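Participant: Protein sequence lines, in the order shown, are assigned to chains D and F.
Heads up: the first sequence at position 227 corresponds to 227 in this note's numbering, and the numbers run straight through without jumps.
Going from the second sequence to this note's numbering is simple: count from 1 and add 247.
Just passing along the structure, written as structure tokens.
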Amino acid sequence: MKTFCALLKNELKLNIRNMNMVIFAIILPLVVLVILGFLYGTNPAAGGTDYTFLEQSISAQCAISICAGGLMGLPLVVAEYRERKVLKRFQVTPISPGILLAVEFLIYVLYALVSLIALLLVSGLAWDVHLRGTWVSFAGSWLLTVLSTLSIGMMVGGIAKNTKSASVIACVLYFPMLIFSGATLPFEVMPEIVQKVIRVFPVTQGIQLMKSAFLGLSVEHFTLPILVMLAVALACSGIAVKYFKWE
Amino acid sequence: MEEVVKVESLTKAYGALPAIDHVSLSVKRGTAFGLLGANGAGKSTTIECILGTKRADSGNVSVLTLDPRKDRRRLFQKVGVQFQECDYQPEIKVSELCEETACLYKSPVDWRELCEQFGIGDKTGSPVKSLSDGERQRLFIVLALIPKPQVVFLDELTTGLDARARRGVWKILKELKDGGLTIFLTSHFMDEVEALCDEICILQKGRAVFYGTVAQAKEKSGCENFEDAYLKLSGEGIE
């Protein structure tokens, strides 16, 4: 536990010093929120709904930070540490790979959490966005989205051959998920055929789940996506730990 | 006396290219062992196979009676390592690298004291990348000593250090050795080997061509000077 906390503190400091994630996981979602806030204000989402457009899209902005950390930050930092032989230095110490991965994993959970809190505060104060569902179901759906997305990233970082291939895989996962999952462009405005294709992204399902939970809509028809996301989280983190390579 | 490092018939090839060929050696507690040879003779591969960071094709290795691959987490509580290729997170500071290393062990020594001893006590707030080559080399020796190890592996011990700093490092290592530390090192400096090592092994193309003390090496080669002896025994001498 002492080891875990000391490593977490150190790695978090290094990560913040790097600034990339502060920009892409915390500032960027806030910028998107503010732009949408000025465009839509407190307008309802569509004719006849009692929730506002911003309330409907807040979950998508949470997903921007989850995607940035999980599909860019996490795989790249693990791959970079391997390539720079930082992991090799850890290999000749008593640390277990699981703890090392857990530290890096938790850093990106923290980024996503800070982003979530910032988004809720700003949107709540400026445009009266408030939770219409229960905290438990919203927090649960957020956590599930975080776990499934981050574990995909951890697996990529764990098994990619080098930084270059990790960044190619990260781009292939990150940009389509960021643009088409509904994180930046609203899912609702896309043509039906595109909607069908992008439903396979776990992030898309996560956003839809978070949205329903936030708006207090029924989440009953999400049983299958929830099970799939859980399975993805378990399988990917299992693979990441099992096939972890120091070098 | 107790054998701390025991290697029997270690063999490893990279593809068809043999890197080390049936190397056997043993290092007793509280002694210093030097592994010598030209670049590419197999020194680093031998160290990596002993530490388990590379898998040997055949042969047996035990360090402190443990198997480095199977008992990795237990073994490295008691073993310090300085690799030839030093590696650290891009933005990390000296103090952070030391803290991060110290937190991995059950009973680490005070790293600030070690930094003072090695003459980098005033650098702890600096980024590691801003250190000079010599300072960074000393930092990595400090990192290898933080675990309060029973045995320490030092690959290319004092490369990049000036003459005074090298003497300083030798002095500290000798004191630690007198206190019971076992040292396994590789070096290209024969004065260093002569000053520190109780036993040496010279590798040539992955084979051990000499194994014994410095005095025996001089005797066998018929040279007064140890560097001459080394060159003759390792087959590097130009006749």
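For glycine and all other residues, C-beta sits at the position ideal for the given N, C-alpha and C.
Computed from a prediction, not measured in an experiment: that's the story for all the values here.
#1: Helix, strand or coil: which one does DSSP assign to residue 221(D)?
#2: Considering only C-alpha positions, which residue in the set 481(F), 339(F), 382(F) and 324(F) is nearest to residue 393(F)?
#3: Between which two residues does the beta strand (DSSP E) harbouring residue 245(D) extend?
#4: Would you mind telling me which residues of chain F sit closer than 9 angstroms to residue 84(D), beta carbon to beta carbon, in chain order?
#5: So which residues on chain F does residue 234(D) lean against when the C-beta distance must stay under 7 angstroms?
#6: Can you find a CB in chain D that lies within less than 8 angstroms of the CB of residue 384(F)?
#7: Go ahead and pull the three-state DSSP assignment for residue 329(F).
#8: In the DSSP assignment, the beta strand (DSSP E) including residue 244(F) goes from what residue to what residue?
#9: Go ahead and label residue 554(F) buried or exposed: buried means 16 or more other beta carbons lie within 10 angstroms of its beta carbon, across all protein chains shown.
#10: Would you be able to state if there are at least three C-beta pairs under 8 angstroms between the stretch 238-246 of chain D and the stretch 302-315 of chain F?
#11: Roughly how many angstroms separate the alpha carbons of residue 183(D) and residue 177(D), rounded to a whole number?
#12: Alpha carbon to alpha carbon, how far is residue 389(F) from residue 453(F)?
#13: Report yes if the CB atom of residue 331(F) is closer than 8 angstroms to the CB atom of residue 382(F), and no otherwise.
#14: What is the DSSP secondary structure of residue 260(D), counted as helix, strand or coil?
#15: Return the residues of the stretch 19-50 of chain D that lie within a Cβ-Cβ distance of less than 9 angstroms from chain F, sorted by chain order.
#16: Closer than 9 angstroms between beta carbons: that is the criterion. Which residues of the stretch 451-469 of chain F meet it against chain D?
#17: Does any residue of chain B bring its CB to less than 8 angstroms from the CB of residue 102(D)?
#18: In chain order, what residues of the same chain have a beta carbon less than 6 angstroms from the beta carbon of residue 212(D), not counting five sequence neighbours either side?
#19: Is residue 7(D) close to chain F? Criterion is C-beta to C-beta, closer than 8 angstroms.
#20: From this set, 41(D), 198(D), 5(D) and 116(D), which residue's C-alpha is nearest residue 146(D)'s C-alpha?
#21: Who are the near neighbours of residue 319(F) in its chain, counting only those whose CB is closer than 8 angstroms to its CB and skipping five residues on each side?
#22: Give the straight-line distance between the Cα atoms of residue 350(F) and residue 87(D), rounded to the nearest whole angstrom.
#23: Suppose you measure from the CA of residue 378(F) to the CA of residue 339(F); what does that come to, to the nearest Å?
#24: Any C-beta of chain D sitting closer than 8 angstroms to the C-beta of residue 444(F)?
#25: Tell whether a beta-carbon distance below 8 angstroms holds between residue 26(D) and residue 126(D).
#26: If you follow the alpha helix (DSSP H) that residue 281(F) is in, where does it begin and where does it stop?
#27: Say whether the stretch 249-265 of chain F touches the stretch 227-234 of chain D, bearing in mind that this needs 3 or more beta-carbon pairs closer than 8 angstroms, one atom from each stretch.
#28: Counting only runs that start and end within the stretch 6-90 of chain D, where is the alpha helix (DSSP H) found for 4 or more residues in a row?
#29: Using the beta-carbon of each residue, which ones in chain F are nearer than 9 angstroms to residue 239(D)?
#30: Can you list the residues of chain D that residue 320(F) reaches, using a CB-CB cut of under 7 angstroms?
#31: Residue 298(F) versus chain D: which residues are under 7 angstroms apart at the beta carbon?
#32: List, in chain order, every chain F residue whose beta-carbon is nearer than 9 angstroms to that of residue 88(D).
#33: Considering just the uninterrupted stretch of the beta strand (DSSP E) at residue 380(F), what are its terminal residues?
#34: Have a look at residue 31(D) and residue 94(D) and give me their C-alpha separation to the nearest angstrom.
#35: Here's a check: name, in chain order, each residue in its chain whose Cβ is nearer than 6 angstroms to the Cβ of residue 206(D), leaving out the five neighbours to either side.
#36: Please determine, among 405(F), 277(F), 425(F) and 427(F), the residue with the shortest C-alpha to C-alpha distance to residue 438(F).
Facilitator: The relevant details are as follows:
#1: helix
#2: 324(F)
#3: Residue 245(D) -> no beta strand (DSSP E), and no H or E assigned at all.
#4: 334, 335, 336 and 337
#5: Ordered by position in chain F, no residue passes the 7 angstroms Cβ test against residue 234(D), which lies about 25 angstroms from the chain.
#6: no
#7: strand
#8: With chain F represented from 248 up to 486, any question about residue 244(F) goes unanswered, as that position is not in the structure.
#9: With chain F running from 248 to 486 in the structure shown, residue 554(F) is simply not present.
#10: no
#11: 8 angstroms
#12: 30 angstroms
#13: no
#14: Lying before the first or after the last residue shown, residue 260(D) is absent from chain D, which here runs from 1 to 247.
#15: none
#16: none
#17: Here the protein chains are D and F, and chain B is not one of them.
#18: 219
#19: yes
#20: 116(D)
#21: 299
#22: 16 angstroms
#23: 12 angstroms
#24: no
#25: no
#26: Residue 281(F) -> not in any alpha helix (DSSP H); beta strand (DSSP E) instead, spanning 279-283.
#27: no
#28: 28-40, 53-67 and 74-83
#29: Per Cβ cutoff of 9 angstroms: no residues; residue 239(D) is ~21 angstroms from chain F at best.
#30: 94 and 96
#31: 92
#32: 300, 330, 332 and 334
#33: No beta strand (DSSP E) holds residue 380(F); the alpha helix (DSSP H) holding it covers 380-392.
#34: 43 angstroms
#35: 145
#36: 405(F)
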